[in-house]
Amino acid sequence: MTEQHPGASEGDRVPEQGDAERGAAGNPAAAHPAAEHPAAEHPAAEHLAVGPEAADAVAEQDRRDRRILWVLVVWLPLAIVAVATAIQLIWIPLMPDQVAVHFDASGEPDRWTTPIRAVLATLVISLSLVASLALATFAGWRAALRPADGERSRLLARVRPTASAAVATPVVVAVITLALTGTQLDGAVPPEWVAPVAVVGGLLLGALVGWLTWRALPAPVRASTPDATPALDLAPGERAVWTASASAPWVIIAILCLAGAWLIVPIVLAPDVWWLWTLLFLLVVVLATTTAIRVTVDRRGLTVRTLLGLRLTHVPLADVVSAADVEVLPGEFGGWGFRLDVRGRRGIILRGGPGIEVQRVDAPPLVVTVSDARTGAALLNALAAAAR
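The opening residue of the sequence shown carries number 131 in the working numbering; numbering runs sequentially from there.
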């Protein structure tokens, strides 16, 4: 079931509605918490009262920010990839029949391939990185309100970490690739120091580009702790459980499936190192199990598990200061997965949209993206208050 949440614009995809159960002793006719306790309008869903001119200015700024982001995370990285690929294609007649594409810890080449395969492999890797970072930057961009104070925050400021990485990453790949390839032209054998110098040089130049991009983008407004979601009104002794699921975008799942399929090939073609490829394959399988989670709020607190039952994190009720339903952008956390942002928040980020932010005792805030976040946060606040 698809639901439109406060603060999410039309077109934002929200995972299926979470299930909630409430039960009290002697009351078998348990009702859904959201049905019995209508949710009050959250500040995040309220747009500030502004005149037509101010609204037009804000809309124009949003459009300008999106155009800048397209240049930074799509067109500029693609231009870097195109230039690096063109240089490699020009160099093909000068390359040896077999090009070293991997080096061991001492800097000696230990894997070779043909020039055209080397160019194609670099192109595929570069385009995959550009696409992943662009998706992470733009995912959930319609979540333009900050629940903490109801004020709009600039998209450029919120996705600052991911946008900076989107520009820096293709620079790193291009510098390392061109340095290693250029030292092999006309049949030359690259000295041992070339590989480590190329890697360090690429990382330093990429870090410089990322830093310059970071400095050029607007800094986010220092946000206060988001207002706690109003707690559900539970009767004394009443028991309640809320659970909901969330899954990663299909693109991320497809990438993991392709990675697993690619790792099967070397297991067959290079059986002498089957154990290494098998370990990598198993790692991809484990990562794939974290692309879908189930979040539960009950008398034990908040628990996040994979759909296979592996517990990812748990916050006991005693550690809950407050919980709020918020709108989350993966770009704030640098993408999807287990993340942290520049504000120190920890996150389990599977998609853009609604999420629960838990303020914890003696620990950084935890953010989990999940559907029906408002009901989960409201119940968590009620249970935490009852446990005090």
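By construction, the Cβ of each residue, glycine as well, lies at the ideal position given by its N, Cα and C atoms.
The model shown is predicted, which means the values in this text are computed figures rather than measured ones.
Contact check, residue i vs residue j, beta carbons under 7 Å
{"i": "Val425", "j": "Ala374", "result": "yes"}
{"i": "Leu459", "j": "Val445", "result": "no"}
{"i": "Glu487", "j": "Pro348", "result": "no"}
{"i": "Ala376", "j": "Thr421", "result": "no"}
{"i": "Trp466", "j": "Ile479", "result": "yes"}
{"i": "Arg481", "j": "Thr499", "result": "yes"}
{"i": "Ala266", "j": "Gly461", "result": "yes"}
{"i": "Pro321", "j": "Gln314", "result": "no"}
{"i": "Trp242", "j": "Ala251", "result": "no"}
{"i": "Leu335", "j": "Val301", "result": "yes"}
{"i": "Leu509", "j": "Leu362", "result": "yes"}
{"i": "Thr505", "j": "Trp341", "result": "no"}
{"i": "Val497", "j": "Asp449", "result": "no"}
{"i": "Thr359", "j": "Ala507", "result": "yes"}
Bridge-paired residues (DSSP) for residue i
{"i": "Ser375", "result": "Arg424"}
{"i": "Pro239", "result": "Phe233"}
Spatial distance of residue i from residue j (CA atoms)
{"i": "Leu224", "j": "Ile217", "result": "12 Å"}
{"i": "Arg430", "j": "Leu447", "result": "6 Å"}
{"i": "Pro245", "j": "Gln228", "result": "7 Å"}
{"i": "Pro494", "j": "Phe468", "result": "14 Å"}
{"i": "Val204", "j": "Leu513", "result": "45 Å"}
{"i": "Ser452", "j": "Pro239", "result": "55 Å"}
{"i": "Ala293", "j": "Arg193", "result": "16 Å"}
{"i": "Val329", "j": "Val303", "result": "9 Å"}
{"i": "Ala159", "j": "Asp428", "result": "Any answer about Ala159 is weak, because its pLDDT of 34 lies below 50 and its placement is not dependable; what the coordinates show is given next. Straight-line Cα distance between these residues: approximately 19 Å."}
{"i": "Gly439", "j": "Gly367", "result": "29 Å"}
{"i": "Arg197", "j": "Ala337", "result": "24 Å"}
{"i": "Leu77", "j": "Thr443", "result": "Residue 77 lies beyond the residue range present for the chain, which begins at 131 and ends at 518; the question has no answer from this structure."}
{"i": "Ala515", "j": "Asp455", "result": "17 Å"}
{"i": "Ser256", "j": "Ala248", "result": "12 Å"}
{"i": "Ala298", "j": "Leu253", "result": "16 Å"}
{"i": "Ala261", "j": "Gly485", "result": "24 Å"}
{"i": "Gln489", "j": "Leu206", "result": "38 Å"}
{"i": "Leu219", "j": "Leu208", "result": "16 Å"}
{"i": "Phe463", "j": "Pro350", "result": "13 Å"}
{"i": "Thr436", "j": "Leu412", "result": "16 Å"}
{"i": "Ile306", "j": "His232", "result": "11 Å"}
{"i": "Ser258", "j": "Ala264", "result": "10 Å"}
{"i": "Gly312", "j": "Val472", "result": "38 Å"}
{"i": "Arg290", "j": "Trp221", "result": "36 Å"}
{"i": "Thr343", "j": "Leu285", "result": "15 Å"}
{"i": "Glu183", "j": "Asp195", "result": "18 Å"}
{"i": "Phe587", "j": "Pro326", "result": "What is shown of the chain runs 131 to 518, which leaves residue 587 out entirely."}
{"i": "Ala318", "j": "Ala309", "result": "13 Å"}
{"i": "Pro199", "j": "Val211", "result": "Contrary to the premise, residue 199 reads as Leu rather than Pro in this sequence. Whole-angstrom Cα-Cα distance: 17 Å."}
{"i": "Gly331", "j": "Ala287", "result": "29 Å"}
{"i": "Gly156", "j": "Ala365", "result": "With a pLDDT of only 34 at Gly156, under the threshold of 50, the placement of this residue in the model should not be trusted; the figure read from the coordinates follows. Cα to Cα, the separation comes out at about 12 Å."}
{"i": "Gly483", "j": "Gln191", "result": "21 Å"}
Residue interval of the alpha helix (DSSP H) (run including residue i)
{"i": "Gln489", "result": "Careful: Gln489 lies outside any alpha helix (DSSP H), inside the beta strand (DSSP E) at 483 to 490."}
{"i": "Val231", "result": "That residue, Val231, is in no alpha helix (DSSP H); its beta strand (DSSP E) goes 229 to 233."}
{"i": "Ala453", "result": "Here Ala453 belongs to no alpha helix (DSSP H); instead the beta strand (DSSP E) covers 450 to 458."}
{"i": "Thr252", "result": "245 to 268"}
{"i": "Val211", "result": "206 to 221"}
{"i": "Leu440", "result": "Note, Leu440: premise wrong, no alpha helix (DSSP H); not H, not E."}
Closer than 7 Å to chain C by CB, residue i
{"i": "Arg247", "result": "Included in the structure is just one protein chain, with no chain C present."}
For residue i, three-class secondary structure by DSSP
{"i": "Arg197", "result": "helix"}
{"i": "Thr299", "result": "helix"}
{"i": "Pro348", "result": "coil"}
{"i": "Arg81", "result": "Residue coverage of the chain in this structure runs from 131 to 518, which leaves residue 81 outside it and unanswerable."}
{"i": "Gly153", "result": "At Gly153, the pLDDT of 40 sits below 50, so the modelled position is not reliable and the matter cannot be decided from this model."}
{"i": "Arg369", "result": "strand"}
{"i": "Gly467", "result": "strand"}
{"i": "Val445", "result": "strand"}
{"i": "Ala508", "result": "helix"}
{"i": "Gln191", "result": "helix"}
{"i": "Asp357", "result": "coil"}
{"i": "Leu285", "result": "helix"}
{"i": "Arg518", "result": "coil"}
{"i": "Thr311", "result": "helix"}
{"i": "Trp341", "result": "helix"}
{"i": "Ala304", "result": "helix"}
{"i": "Asp316", "result": "helix"}
{"i": "Glu80", "result": "Since the first and last residues shown for the chain are 131 and 518, residue 80 lies out of range."}
{"i": "Leu409", "result": "helix"}
{"i": "Pro291", "result": "helix"}
Where the beta strand (DSSP E) containing residue i begins and where it ends
{"i": "Gly431", "result": "431 to 436"}
{"i": "Ala493", "result": "493 to 499"}
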